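In this text, residue positions in the sequence shown follow our numbering: the first is 162, and each later residue adds one. Glycine is no exception: its CB is placed at the ideal position from the N, C-alpha and C atoms. If you're wondering where the values come from, they're calculated on a predicted model, not measured in any experiment.
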Amino acid sequence: MEKGPVVVVECTEEIPCNPCVYVCNFNAISKESITAHPKVDYEKCVGCGDCIAVCPGLAIFVINKNFEEDRALISLPYELTPIPKKGEIVKVLDRKGKVVGEGEIINVREGSRETRIVSVAVEKDLAMTVRAIKVIEGEKSEEG
Numbered sequence: 162m163e164k165g166p167v168v169v170v171e172c173t174e175e176i177p178c179n180p181c182v183y184v185c186n187f188n189a190i191s192k193e194s195i196t197a198h199p200k201v202d203y204e205k206c207v208g209c210g211d212c213i214a215v216c217p218g219l220a221i222f223v224i225n226k227n228f229e230e231d232r233a234l235i236s237l238p239y240e241l242t243p244i245p246k247k248g249e250i251v252k253v254l255d256r257k258g259k260v261v262g263e264g265e266i267i268n269v270r271e272g273s274r275e276t277r278i279v280s281v282a283v284e285k286d287l288a289m290t291v292r293a294i295k296v297i298e299g300e301k302s303e304e305g
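Structure (structure tokens):
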């Protein structure tokens, strides 16, 4: 986690699924069987995020704890509207949907299907907690 961006897979279901394995150009994600939980080889993972949008369970994130001195960058899947914009301030949520703070949208990129990959900067101590965002329309950063 300290080397830069790395993937975090929080797949809890043992279902037939493997798009993350096939999309990874670095062979960093593997599965022992079609229903096994994905395993990440962190020596191979470069944190590119290609696996985020292909996961039908929205269970893959990329965390970069070295984004800035006091902030981490979390890239996560996003399928809702409104679509956040760069510089926008959003609420950040934990796994249960509880608001745990605020973050700044750094990037929004198109993924597969209707899934976008949203990168949000948060306080470093929230890096392993934040798993979703809530757009508050009209909110902008001080620069925006």
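According to DSSP, is valine 281 helix, strand or coil?
In the sequence shown, counting from the first residue as 1, residue 281 sits at position 120. Correct three-state label for valine 281: strand.
What is the rounded straight-line gap between the Cα of threonine 196 and the Cα of isoleucine 235?
If you number the sequence shown from 1, residue 196 lands on position 35. If you number the sequence shown from 1, residue 235 lands on position 74. One C-alpha to the other measures close to 27 Å.
With a floor of 4 residues, list each alpha helix (DSSP H) that falls wholly inside the segment 194-242, ordered by position along the chain.
None, since the segment 194-242 contains no complete alpha helix (DSSP H) of that length.
Please classify asparagine 225 as buried or exposed, where buried requires at least 16 other C-beta atoms within 10 Å of its C-beta.
Numbered from 1 along the sequence shown, position 64 holds the residue referred to as residue 225. Counting Cβ neighbours within 10 Å, asparagine 225 comes out buried, since at least 16 surround it.
Can you give me the start and stop residues for the beta strand (DSSP E) that valine 269 sits inside?
Your numbering for residue 269 matches position 108 in the sequence shown. Element bounds for valine 269: 260-271.
Looking at C-beta atoms only, is the number of pairs between the segment 168-179 and the segment 206-225 that lie closer than 8 Å three or more?
yes
Do the CB positions of asparagine 188 and aspartate 211 come within less than 9 Å of each other?
Within the sequence shown, numbered from 1, the residue matching residue 188 stands at position 27. Within the sequence shown, numbered from 1, the residue matching residue 211 stands at position 50. Going by C-beta atoms, asparagine 188 is not nearer than 9 Å to aspartate 211.
CB isoleucine 267 to CB proline 238, shorter than 9 Å?
Within the sequence shown, the letter at position 106 stands for residue 267. Within the sequence shown, the letter at position 77 stands for residue 238. No. Outside cutoff.
Could you pull the start and end residues of the beta strand (DSSP E) that valine 296 belongs to?
Translated into positions along the sequence shown, residue 296 becomes position 135. 293-296 is the extent of the beta strand (DSSP E) around valine 296.
Keeping to the same chain, check which residues put their C-beta closer than 8 Å to that of glutamate 240; ignore five residues upstream and five downstream.
Here the question's residue 240 lines up with position 79 in the sequence shown. The residues are Leu219, Glu275, Thr276 and Arg277.
Determine which residues share a DSSP beta bridge with isoleucine 250 and list them.
Stepping through the sequence shown from its first residue, residue 250 is reached at position 89. DSSP output for isoleucine 250 lists Glu265 as bridge partner(s).
Suppose only complete runs of 4+ residues qualify. What are the alpha helix (DSSP H) ranges in the segment 167-192, listed by chain order?
180-184
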